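Before any comments, here is the structure.
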Amino acid sequence: MPAQAAIYRQCLDQAVQAAACLIASCVDDAVTALLEQEKQGLTAARRQEVSDAWRELLKHRAAWVERYPRELRLALDAPPEKPAATTPPRRLTIDSMTLVADDQVNQEIAAARLSEQLQVVVAQPLAELDGLMSSLLGLPAVRAEANPVRPVVFARVLQATMGDATGRPGLTALWIRHMAPTMGRELDQLYRLLVEQLTQADVHAAGYRVLPLRQHPGAAATARHAGTPAPAPRAEIRAKPGSAWADLGSSAMGDELIQNFLFGGSDQAGAPLAPAFYARVSNELARLEALPVDELPVPDPADTLRYARTPSVDRPLRPVSTQTTLNSGVWGEYGASRERALVRTRLKRQARNADQVLGLEVVRKLVNQVAQDPRLLAPVREAVVALEPALLRLAMVDPRFFGDEQHPGRRLVERVADRSLTFNDEFSAEFSAFAGSVAASFNGLNALADHEVENSDRFQSALAALEASWTAQDQAEAARRQAVLDAVRFAEQRQAQADQIAWELGQRGDLEGVPTIVQDFLYGPWSLVMAHARLVDGGRQIDPGAHGSLVTDLVWSVKRQATLREPARLIEMLPGLLLRLRSGLGALGQAPQETEAFFQALEQLHRPVLRLRAKKRREDSDFSPLEPQPDTDKECPAPAPRQQPRSGHSPWMGRRELDVAGFQDTLPTDHGDLEPLHDVAPPTQAHPADVDVDVNAVIAGLREGCWVDLYSRRHWLRAKLVWASNKGTLFMFVSRGGQPHSMTRRSCERLLRDRQLRPVEMHGAVSHAIELLAHAQPEALAA
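Going by my numbering, the sequence shown opens with residue 5, and the numbers climb by one from there.
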């Protein structure tokens, strides 16, 4: 297909074009990080190593910027690697071991770690890109290893580009470690761009499909020789010889059978069932009917209280499965596992073909798998288990419904599970309301008789009702969230414009000789005042508020020789100048104490002219002169050469803006750290292995829409990242009720190190359960 080939080639060209910028950014950021590390308290030898590292990086930068795209082009154009032939592992002996230098080992470890870190950072866009690239290649299902622009390729090319540039592999490992965050960020942007372009080109992604794990021919013999049981045989649906009956008695559920049934099917799946199958089902039904009704044990109040008081993120996982007895006060008769098993077995007796039996088995196994998802709160997992009777009845009329992502039955379970991930405390009032609405909906579906479940309409209605209630809640939160987002985005835009204004002011020739404190004021607060006025004005005036014209007067007023020659001019302009300065800062929202040092310095700079005027007044009056004032000129800020402005790393925000945005840490206003945690037990201390987490890699992986558990104001909250500044220095999370929680990068790093901010893995509960189930050990079909 020429069109697809052209699009495929464009993707590769796009990757090569981005490679030069990618390697340049990696080198620049690594140099910056190494320079910062060099300033820290290191040993002399370590400091020398770090110094050599950044100097060597700068030395090779130009060559790598030219070489890396060329090497990447060769890697992308190379034919795909063929899978290595499977050979039995050789026995490891001392003679077979090769001595490898420690530096080389460290280099290989660093390169492997880079590939793993990149995979984590770009997981979301890469998954989409894998599907689209597989489709371009004409593959029937997603094959991630066929994607030519996968992270491991970039990592290998980086290592090849560096080669033995210094003859010191230890430096290469150090470079790779400091380049990882930047490469992850650049690849994430590249993958998102490619996904967007392919989507606009109407390329449809290939579907994911878990392939069966086939047994190696020698595996059974090896297992017998070792005295261990051989793996179960590959599952299949087979007809009895000489008949059209499907014999499910010895079949196994797992791997290929589940995938084929859910997403393809078998020619014999519609075959009728053997009489022996019904005999086994009748025996199982008789056994279940003879069992007493199981009841939930009375919980110990002390244990319940202790469990509720444990921090939500540290509570032990309550086991839930299809065999669990649930609270009958919430789930009625289907709280008993016996009653749910009776529904399942009676439906099997009503089954007329293998399709229906397999559908019932898939429901049982998927419900059981979702019930063990550790991300879901126990009441949510119990709700999925309680819904099993309704799902079983649906499987009788639509056996493969779990294989259809858009089927109302599957979407109902998926959406409830997905919505529940916004909660992390089953004892909160908000979660109780959510769980109550879910229980009412599920109980209504369970109350339907077999003949009432003729299609998925009832499930669609139940899902629509829940979605409507959630939408009403979300709309109220969205309005508040949007107001906060508008405020922080305005601050970011204001800071960007202030940086541009500061750069323009830095080109003025009259700043030579102006004291540093005045130049800093112009580059900082006053540039913000001018930027704020322009944004509020909306571009209707060139210099709204005349804040720009005031700069000339201010600069002249602090030059002593000029003002002593024209004291009357300064005396005349000074009241208005000070009034306009304070008025502009007030409109910005800056607190007076933030610029108090500047106004004190300004008073010192104007004092010679003011004393000259006072002396003249005393000479012209009839009163006796006052005692001479002490000479304070030595306290006056000294003239300084023209300084270069520094761009703001974080948007400046006033105290009111900080409060609205939910900042709990300092910004440029230096109001203080997070409040100390008095009279409350701190979160459980992290395991030493957890503390050694790669904070930079975690932060690089934060994307809008991801979820975290956040310890804030003495409570653990589930919060969503809704905004991050372009420079990655500010982050805003929002918890239930639309409550914002904003923080600087420094705060985010500290919270991650202290395990007070923990990213939460987010993926579809049902799709994940299907994948786990397909890889699980095959299990004999239950009667």
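We put the beta carbon where it would ideally sit given N, CA and C, even for glycine. For clarity, every value in this text was computed on a predicted model and none was experimentally measured.
Sub-8 Å separation of Val-324 and Arg-415 beta-carbons: Position 320 of the sequence shown, counted from the start, is the residue given in the question as residue 324. Position 411 of the sequence shown, counted from the start, is the residue given in the question as residue 415. No.
Check this for me: beta carbons of Trp-727 and Glu-708, under 8 Å apart or not? Here residue 727 is taken as the residue at index 723 of the sequence shown, counted from 1. Here residue 708 is taken as the residue at index 704 of the sequence shown, counted from 1. Yes, Cβ-Cβ distance for Trp-727 and Glu-708 is below 8 Å.
Nonlocal neighbours in the same chain, by C-beta distance under 8 Å from Ala-644, ignoring five residues either side: Along the sequence shown, one-based indexing puts residue 644 at 640. Within the same chain, Ala-644 has close Cβ partners Gly-517, Val-518, Pro-519, Thr-520, Gln-523.
Sub-8 Å separation of Gly-339 and Leu-300 beta-carbons: On the sequence shown, residue 339 is found 335 positions in, with the first residue counted as 1. On the sequence shown, residue 300 is found 296 positions in, with the first residue counted as 1. Cβ atoms of Gly-339 and Leu-300: closer than 8 Å.
Leu-425 and Leu-346: beta carbons closer than 8 Å? Here the question's residue 425 lines up with position 421 in the sequence shown. Here the question's residue 346 lines up with position 342 in the sequence shown. No, the Cβ-Cβ distance between Leu-425 and Leu-346 is not below 8 Å.
To the nearest angstrom, report how far apart Ala-355 and Asp-454 are at their CA atoms. In the sequence shown, the residue the question calls residue 355 occupies position 351. In the sequence shown, the residue the question calls residue 454 occupies position 450. Cα-Cα distance, rounded: 12 Å.
For Phe-427 and chain B, any beta-carbon pair shorter than 8 Å? Considering every chain present, this structure includes no chain B. It has just one protein chain.
Just how far apart, CA to CA, sit Ala-550 and Ser-316? As a working note, residue 550 is residue 546 in the sequence shown. As a working note, residue 316 is residue 312 in the sequence shown. Ala-550 and Ser-316: Cα-Cα distance of roughly 55 Å.
Validate contact between the region 764 to 777 and the region 365 to 379 using beta carbons, cut 8 Å, 3 pairs: yes
Same chain only: Cβ atoms within 6 Å of Pro-655, ignoring 5 sequence neighbours per side: Within the sequence shown, the letter at position 651 stands for residue 655. Closer than 6 Å at the Cβ level, and outside the excluded window around Pro-655, lie Ala-495, Glu-496, Gln-499.
Within 10 angstroms of its Cβ, does Asp-192 collect 16 or more other Cβ (buried), or is it exposed? Your numbering for residue 192 matches position 188 in the sequence shown. That one is buried.
So, with DSSP's three-state summary, where would you put Trp-656? Here residue 656 corresponds to residue number 652 of the sequence shown, with the count starting at 1. The answer is coil: DSSP assigns Trp-656 none of H, G, I, E or B.
What runs of the beta strand (DSSP E), each 3 residues or longer, lie entirely inside the region 519 to 547? none
Run through the DSSP bridge pairs and tell me what Phe-603 is partnered with. One-based indexing of the sequence shown puts residue 603 at position 599. Paired residues: none, contrary to the question.
Taking 8 Å as the cut-off, decide whether the C-beta atoms of Phe-735 and Leu-706 are in contact. Along the sequence shown, read from residue 1 onward, the residue named residue 735 stands at position 731. Along the sequence shown, read from residue 1 onward, the residue named residue 706 stands at position 702. Against a cut-off of 8 Å, the Cβ pair of Leu-706 and Phe-735 comes out as a contact.
Measuring only the C-alpha atoms, how far is Ala-312 from Arg-379? Reading the sequence shown from its first residue, position 308 is the one you call residue 312. Reading the sequence shown from its first residue, position 375 is the one you call residue 379. The straight-line gap from Cα to Cα measures roughly 18 Å.
Buried versus exposed call for Asn-450 [16 or more other C-beta atoms within 10 Å across all chains shown]: In the sequence shown, residue 450 corresponds to position 446, counting from 1. That one is buried.
Report yes if the CB atom of Val-366 is closer than 8 Å to the CB atom of Leu-266, and no otherwise. Here the question's residue 366 lines up with position 362 in the sequence shown. Here the question's residue 266 lines up with position 262 in the sequence shown. The answer is yes: Cβ separation under 8 Å.
Per DSSP, which one or two residues make a beta bridge with Lys-724? For this step, residue 724 is matched to residue 720 along the sequence shown. Its beta-bridge partners are Trp-711, Val-738.
Okay, do the region 194 to 210 and the region 124 to 139 touch, 3+ Cβ pairs below 8 Å being the bar? Contact between the region 194 to 210 and the region 124 to 139 is present, because at least three Cβ pairs lie under 8 Å.
State the start and end residues of the unbroken beta strand (DSSP E) segment that holds Thr-326. Position 322 of the sequence shown, counted from the start, is the residue given in the question as residue 326. Taken as a continuous stretch (DSSP letters only), Thr-326 belongs to no beta strand (DSSP E), as it is neither H nor E.
Using 10 angstroms around the beta-carbon of Leu-761, count the other beta-carbons present and answer buried if the total reaches 16, otherwise exposed. Start at 1 with the first residue of the sequence shown, and residue 761 comes out as number 757. So Leu-761 counts as buried.
Consult DSSP for Met-766 and reduce its assignment to one of helix, strand or coil. Along the sequence shown, one-based indexing puts residue 766 at 762. Coil.
Kindly indicate which residue of Leu-362, Pro-279, Val-388 has the alpha-carbon position closest to the one of Ala-399. For the purposes of this step, residue 399 is taken as residue 395 along the sequence shown, with counting starting at 1. It is Leu-362 whose Cα lies nearest to the Cα of Ala-399.
Pop quiz: Arg-584 and Leu-554 are said to be a contact at Cβ under 8 Å. What is the actual Cβ separation, rounded to whole angstroms? Taking the first residue of the sequence shown as 1, we reach residue 584 at position 580. Taking the first residue of the sequence shown as 1, we reach residue 554 at position 550. Indeed they touch by this definition, with Cβ atoms about 6 Å apart.
Looking at the unbroken beta strand (DSSP E) that takes in Thr-748, where does it start and where does it end? On the sequence shown, position 744 is the one that residue 748 refers to. That run of the beta strand (DSSP E) goes 743 to 748.
Tell me where the alpha helix (DSSP H) around Ala-491 begins and ends. Counting from one through the sequence shown, the residue named residue 491 turns up at place 487. Here the alpha helix (DSSP H) through Ala-491 covers 461 to 509.
Buried/exposed call for Gln-597, threshold 16 Cβ in 10 Å: Here residue 597 corresponds to residue number 593 of the sequence shown, with the count starting at 1. Exposed: under 16 other Cβ atoms inside 10 Å.
Using C-beta distances below 8 Å, list every residue in its chain close to Ala-205, excluding the 5 sequence neighbours before and after it, in chain order. Here residue 205 is taken as the residue at index 201 of the sequence shown, counted from 1. For Ala-205, where only same-chain residues beyond five positions count, the Cβ hits under 8 Å are Ile-11.
Same chain, Cβ closer than 8 Å to Thr-328, five either side skipped, listed in chain order: By one-based count along the sequence shown, residue 328 stands at place 324. Around Thr-328: Ser-341, Ala-375, Glu-386, Val-389.
DSSP on Ser-729, reduced to helix/strand/coil? In the sequence shown, residue 729 corresponds to position 725, counting from 1. Three-state DSSP puts Ser-729 in coil, outside helix and strand.
With a cut-off of 8 Å on the beta carbons, I'd call Asp-33 and Thr-186 a contact; round off their distance for me. Locating residue 33 in the sequence shown gives position 29, counting from the first residue. Locating residue 186 in the sequence shown gives position 182, counting from the first residue. With a Cβ gap of about 4 Å, Asp-33 and Thr-186 count as contacting.
N-terminal and C-terminal residue of the alpha helix (DSSP H) that Arg-512 is part of: The residue labelled residue 512 in the question sits at position 508 within the sequence shown. Here Arg-512 belongs to no alpha helix (DSSP H), and DSSP marks it neither H nor E.
Spatial neighbours of Glu-765 in its chain, beta-carbon cut-off 7 Å, leaving aside the 5 residues before and after: Counted from its first residue, the sequence shown places residue 765 at position 761. Hits under 7 Å: Arg-379.
Boundaries of the alpha helix (DSSP H) in which Phe-281 is found, first to last residue: Working through the sequence shown from its first residue, we reach residue 281 at position 277. Phe-281 -> alpha helix (DSSP H) spans 279 to 294.
Residues of its chain near Asp-635, where Cβ-Cβ distance is below 7 Å and the 5 sequence neighbours each way are ignored: As a position in the sequence shown, residue 635 is number 631, starting the count at 1. Per-residue confidence for Asp-635 stands at a pLDDT of 48, beneath the threshold of 50, marking its modelled position as unreliable; no derived number is given.
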